[in-house]
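Taken in order, the sequence shown gives residues 130 to 673; the numbers are from the numbering used here.
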Amino acid sequence: MNSTANSEFKPMQSVLDAAEFAGMVVRSRVISRTYCEIGEGPQSYAEANRRGLDSEINFLTHAASQLFESVVSRLRARNRLSSIHRLPDELLAATFNYVAESDFYAGAPVYRGLLLISAVSSDWRRIALHCPVLWSRISPHTPLSITGLFLERSAAVELDIRYDTTGDTQLDYQHLEMCSHHVNRWKSLRINGVEISAIEEATRVPALRLEALHIRSSTGATDRGQSLGGIFGGIAPSLSHVVLEAVYIPLDSFIYHNLTTLVIRNVTFRRAFAIQAFLDILVASPRLNKLGLHHLAFTMKPPLSSPSDRPIPLSHLRVLEISEYEEAWCNLYILSHVTAPPSLCLIVHSSVFKGQRLDTMVPATLDLFSHIHCLQFAMEGAAGAQSTLRVRGFGSDRTPLLVLTLEGSSQYQGVLSAFADGYTMPHLCVVELESLSDDSTIPLTGRFLARHNHITDLAFHKCPASAVNLLTVSPGRFLCPQLARLLVSSCPVTPFGLLGAIGSRTSGGAASVVPIQTLYISPPFAAASRGKAELEQRMNVAYV
C-alpha cells in the first residue's frame, strides 16, 4: 500500500486502537471488581456481579456508539474531499449551463431550466447563485419578472441579450427599458421584430463593452424612413460584429468603424451618392473578415466621373456573401472597388439570373479565380425553364473559393461564357459537369474546355453522349491534352461508343496523344456489352 493510502487510513487505525484499549480497560475492571466482591457470599456475589456487568455493558454500548459516529464522520470527510463527491463549481456550472440551454422540457421556456436546477438542493442553489455567468443570457420570451431576476443574479458580468418581439409594443418597450439600465454590461444584443422606436429608446446611452449587434425588422427599410442614427449615443468602442436586417443606420454612423463582420440585408438606398457612402464604410473597416450584401438596392447610379474609383484594400476578408433579386450593377460596382486576398470565399445567390453573363455581376478582377483548382457545375431542373445552377470552385487544398447559386433560366450559358472568355484560371485542373441535359450547351462547354489546357481530371455525370464526344481527337480539335482521369457516370453511353469517342486516347491510339490513365465508369457495363472487352484491354477501366 502506498504512502497516500497509509495516510488516509491512519486516522481510522487510531480510532480502532483507541477502541481496543478501551475494551481492555473494561475487561480488567470487570475482573478486578468481581474478585473484590467474592468474599460477600453467593447472593451478594451474584447481585454485585450483575450490577457490575450492567454498568460495563452500558459503558461499552456508549463507547461503541461513539466509535461508530467517529468512523462515519471520517468516511464522510473522505468522500467530500474525493473528486467524485466534490466536483469543482466551474464544472457544475458548465453542466447547469448546458442543461439550461437544452430543450429538456418540450414546449417549456428555456429560462425555466436554470431556475429548476437552482431549486434542486441547497448545495446546487449555492453553486448556481455564486456563478453569475449562468444568469448572463437574457433569452427570448423571458417574462418581465424573470428578466429582472436574471439581471440581478448576473451581478456585474457581461450580458448576452436576445429578444424577440412579443407582438405588444408596450411590453417590448418595458423589457428593453429594464435591460437598458445595464447597457454598460452588454456584450451582445440581438433584437428581432421590435419596433424601431422601442429600440431607439433602449439604445440611447453608450455601450462600452458591446461586441456584437444584430437587429432584424419585419419590414424593409430605406434611407428615407426610420433610422437608428443616434444609437448608443455614438459610443460603442468594442463593437466589431454588426448584422442589420431591414434596419437602416446612416452610412456615416460610427457603428461601421473598425468592424470584422458586417452584414446588411433588405435596405433600399434612394439618396444621391449613397453608393459612394457605402464604399466609405468599407474604407472605415479595413480589417473586415466577413461582408454580407443581401438584397440591397441603390436607385441612384454614380456619375461616370465618380471620385470613388479608388481600390479598397480588404486584406483580411475571408467571406463575401451576395444575394440579389434586382439589377446587379450595384454589386458589380462595389466588388470592382474591393481588393481581396486570393483565399476569399465568394458566395453568390441570385434569384433573377436570366442568361446574362456572370461577369456582369462578379468582376474578373477578383484574385480568387487565379487560385481555383477545381470547378463543379450542377444543373437542377429542366434547362431553359425555371431551374437552378450551382457552381463551386475550390483551391488546391479543397478550400472553397467560389459558391454560386443561380435561379432563373439559361444560367449555364451565362456562366460558361464568362468562364470561357472572361475569367482567367491558370491552375484549373479538375472539372466536374452534372446534368447538362440540353445539347445546346455542348458547343459552349467545348469552348470552355478548349481554353483550359491543364485539366487532368474530368467528370461527366448525367450528361448527354455529345458531351463525352467532345473529347474525340480530330485534326481540328484536341481538348484537354493532359487529361489523365475520366469519370463517366449515369451517361447514355456504351463501351463501343466510348471507344469511338476516346479511342485515340487509349494505349492503342495516336502516338502523339497522351493516353488516359484511368477511366471510371458508373454504373458498370453489362458483361455482354459490345466493345466492353476491347475497352478494358486498351485502357485501365475502374467500375465505381
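Glycine is no exception: its CB is placed at the ideal position from the N, C-alpha and C atoms.
C-beta neighbour in chain C for residue i, strict 8 Å
i: Y672; result: Annotation note: the requested chain C is absent from the structure, which comprises a single protein chain.
Cutoff 6 Å; reference residue i; Cβ partners in own chain excluding five residues on either side
i: H581; result: L557
i: A662; result: none
i: G522; result: I501, L504, L530 and L531
i: I631; result: L600
i: G421; result: V392 and E450
i: L616; result: A588 and Y649
i: G126; result: Look at the range of the chain in this structure, 130 to 673, and you will see that residue 126 is not part of it.
i: A336; result: V312, W315, F361 and A365
i: N598; result: A630
i: F506; result: V520 and L562
i: L464; result: P492
Between the CA atoms of residue j and residue i - distance to the nearest angstrom
i: H424; j: V477; result: 11 Å
i: G362; j: G277; result: 25 Å
i: F398; j: R353; result: 8 Å
i: G575; j: R667; result: 26 Å
i: A493; j: L573; result: 19 Å
i: L210; j: Q299; result: Note on L210: pLDDT 47, under 50, position unreliable in the model; no value is reported.
i: I364; j: R314; result: 14 Å
i: H71; j: L182; result: Beyond the ends of the chain as shown, which are 130 and 673, falls residue 71; an answer cannot be given.
i: L443; j: V520; result: 25 Å
i: Y302; j: S346; result: 15 Å
i: T534; j: M490; result: 13 Å
i: I400; j: R486; result: For the record, residue 400 in the displayed sequence is Arg; it is not Ile. Computed Cα separation, rounded: 29 Å.
i: L545; j: M508; result: 12 Å
i: F402; j: P415; result: 21 Å
i: S564; j: L495; result: 28 Å
i: R291; j: L196; result: 58 Å
i: E198; j: D252; result: 24 Å
i: L263; j: I325; result: 30 Å
i: H310; j: M429; result: 41 Å
i: R606; j: S569; result: 19 Å
Of the listed residues the options, nearest to residue i (C-alpha basis)
i: D297; options: R291, S317 and V323; result: V323
i: S472; options: H259, T494 and V448; result: V448
i: T294; options: S265, R314, F279 and I328; result: I328
i: R439; options: K419, S619, S414 and Q405; result: Q405
i: H304; options: R519, L422, S651 and E330; result: E330
i: L628; options: P652, E665, Q646 and I267; result: E665
i: L461; options: F427, P442, L443 and C474; result: F427
i: E561; options: C592, A579, S569 and T534; result: C592
i: A579; options: L182, L608, S603 and L612; result: L608
i: F654; options: I441, I645 and V670; result: V670
i: T390; options: V396, A403, I410 and A350; result: I410
i: E453; options: A401, E536, T190 and M508; result: E536
i: L388; options: L417, P652, R486 and V602; result: L417
i: N321; options: E198, R338, H310 and L373; result: L373
i: V673; options: A656, S651 and L263; result: S651
i: D586; options: I256, L475, R614 and S382; result: R614
i: K419; options: M429, F383, L475 and F506; result: L475
Close-in-space but distant-in-sequence residues of the same chain around residue i (CB under 7 Å, 5 per side omitted)
i: R333; result: G359 and G362
i: G510; result: S516 and T517
i: I441; result: L408, L411, V412, H466, V467 and T468
i: S265; result: S283, V286, E287, L288 and D289
i: F138; result: Only weak support is given to the placement of F138: the predicted model assigns it a pLDDT of 42, under 50, and the value that follows is read from those uncertain coordinates. None.
i: Q646; result: A613, R614 and N669
Cβ-Cβ separation, residue j to residue i (assumed contact under 8 Å), whole Å
i: H466; j: L408; result: 6 Å
i: Y385; j: S356; result: That pair is no contact at about 13 Å.
i: I267; j: L288; result: 6 Å
i: L342; j: L318; result: 5 Å
i: I584; j: L612; result: 6 Å
i: A596; j: F577; result: The pair is not a contact, with the Cβ atoms about 11 Å apart (cut-off 8 Å).
i: N395; j: A350; result: 7 Å
i: A657; j: G626; result: Not confirmed; about 16 Å, so no contact.
i: P624; j: R659; result: 7 Å
8 Å Cβ shell around residue i - same chain, five flanking residues per side excluded
i: R527; result: C503
i: S499; result: P471, T553, M554, P555 and H556
i: E340; result: K316, S317, S367, L368, S369 and H370
i: M307; result: L273, T276, G277 and L280
i: C459; result: I404, L425, A426 and F427
i: A375; result: R345, S346, S347, T348, G349, A350, R394, N395 and V396
i: S619; result: H590, K591, S651 and P652
i: I186; result: none
i: P431; result: F402, I404, Q405, S437 and Y462
i: R338; result: E287, N313, R314, W315, K316 and S367
Spell out a yes or no on whether the segment 539 to 555 and the segment 478 to 494 are touching, meaning 3 or more CB-CB pairs, one atom from each, closer than 8 Å.
Enough Cβ pairs lie closer than 8 Å, so yes.
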